[in-house]
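To keep things clear, I will list the structure first and then write my remarks on it.
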Amino acid sequence: MVELDFDIRDEQFGDRREVWQVNAAAFGRSDEADLVDRLRDEGVVLLSLVAELRGQIVGHILFSRMFIETAQGTLSAVSLAPMAVRSSHQRRQVGSYLVRHGLDRLRARGERIVIVLGHKDYYPRFGFAAAKARYLSSPFPSDAFMALELSEGALSEVRGPVRYPAAFGL
Ligand SMILES: CC(C)(COP(=O)(O)OP(=O)(O)OC[C@H]1O[C@@H](n2cnc3c(N)ncnc32)[C@H](O)[C@@H]1OP(=O)(O)O)[C@@H](O)C(=O)NCCC(=O)NCCS
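Using this note's numbering, you'd call the opening residue of the sequence shown number 1 and step up by one each time.
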C-alpha cells in the first residue's frame with residue numbers, strides 16, 4: 001500500500017518528545033532516540049525531518065556532520081542516522097520519502113557525500129553502495145557501511161578513516 005497523505009517537514013522544537021518516541025518505538029530501545037538528543041546537544045545536526053500524518057509524527061530521519069580524514073586533508077561528509085518509522089506505518093514508503101527528500105535537500109545545499117551504516121538490502125535503492133565506501137575505513141562490517149555521492153565523482157580518490165560526531169561514542 002502506498003500512503004499519500006503524509007507531509008515531510010523540518011522537525012520543530014516542539015516535536016522533540018514525539019521524535020524521541022518514534023525512534024524508541026521503531027528500534028525497540030532508547031539508544032537511537034537518545035543519540036538524536038546527543039547530536040542536537042553537540043550542534044552537529046544538518047537536517048532533521050519528520051513525516052507527519054494527520055497531526056501525528058510517524059517517521060523521522062536525521063543527518064549530521066561527519067568527516068573523512070584523507071592524506072590531503074579533512075573532507076566534510078554527512079552521516080545519515082538514525083531513521084525510524086513507526087511499525088504501524090512501515091512499508092508505506094514513509095522511509096523512502098524521508099530519505100529522498102533529505103538527499104535532495106542536502107544536494108541543494110552543496111553537500112557531496114552521505115554515509116550510512118544500515119541494512120544492506122534497504123539503502124542501495126537510494127543509491128548507497130558498500131563499494132563506494134570501500135576506501136573509507138570504519139569500525140563497521142563492510143557490507144553495512146555504505147556511501148552515496150550527491151555529486152558525481154565526489155568519492156573518487158578519497159581514502160581514509162571516517163570521523164563521526166562524538167555523540168556516536170565510537
Ligand atoms: C527501516 C525503516 C526506516 C524503513 O521504513 P519504511 O517506511 O518501512 O520503508 P519504505 O516503506 O520506504 O520501504 C519499505 C521497504 O523497506 C524494506 N525494509 C524495511 N526494513 C528493512 C530491513 N530491516 N532490512 C531490509 N529491508 C527492510 C522492506 O522490505 C520494504 O521493501 P519492499 O517495499 O521492497 O518490500 C523502518 O522499517 C524502521 O523504522 N525500522 C526500524 C528501525 C531501523 O531499523 N531503522 C534503520 C536503521 S539503519
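Yeah, the Cβ is synthetic: ideal placement off N, Cα and C, and Gly gets one too.
Among Pro139, Phe140, Phe145, Arg105, the one whose alpha carbon lies nearest that of proline 124: Answer by Cα proximity: Phe145.
Bridge partners of leucine 47, per DSSP? Phe63
Once you ignore the five residues that flank tyrosine 97 on each side, which residues in its own chain have a CB closer than 6 Å to its CB? Excluding residues within five positions, the ones whose Cβ falls inside 6 Å are Ile8.
Does the beta-carbon of histidine 60 have 16 or more other beta-carbons within 10 angstroms, so that it is buried, or is it exposed? buried
If you reduce the DSSP assignment to three classes, tell me which class glycine 153 lands in. coil
Pull up the distance between the alpha-carbon of valine 45 and that of proline 82, whole angstroms please. 11 Å
Looking at glutamate 11: is its Cβ nearer than 8 Å to the Cβ of serine 48? Yes, the pair counts as a contact, with Cβ atoms nearer than the cut-off.
For alanine 84, which beta-bridge partners are listed by DSSP? His60
Proximity of arginine 112 and alanine 154 at Cβ, strictly below 8 Å: yes
What does DSSP give as the partner residues of aspartate 222 in its beta bridges? Outside the shown range of the chain (1 to 170) lies residue 222, about which nothing can therefore be said.
List the DSSP bridge partners of valine 22. Looking at the DSSP assignment, valine 22 forms no beta bridge with any residue, so it has no partner.
Reducing DSSP to helix, strand and coil, say where proline 124 ends up. Proline 124: helix per DSSP, three-state reduction.
Please report how far the alpha carbon of methionine 66 lies from the alpha carbon of leucine 75, in whole angstroms. 9 Å
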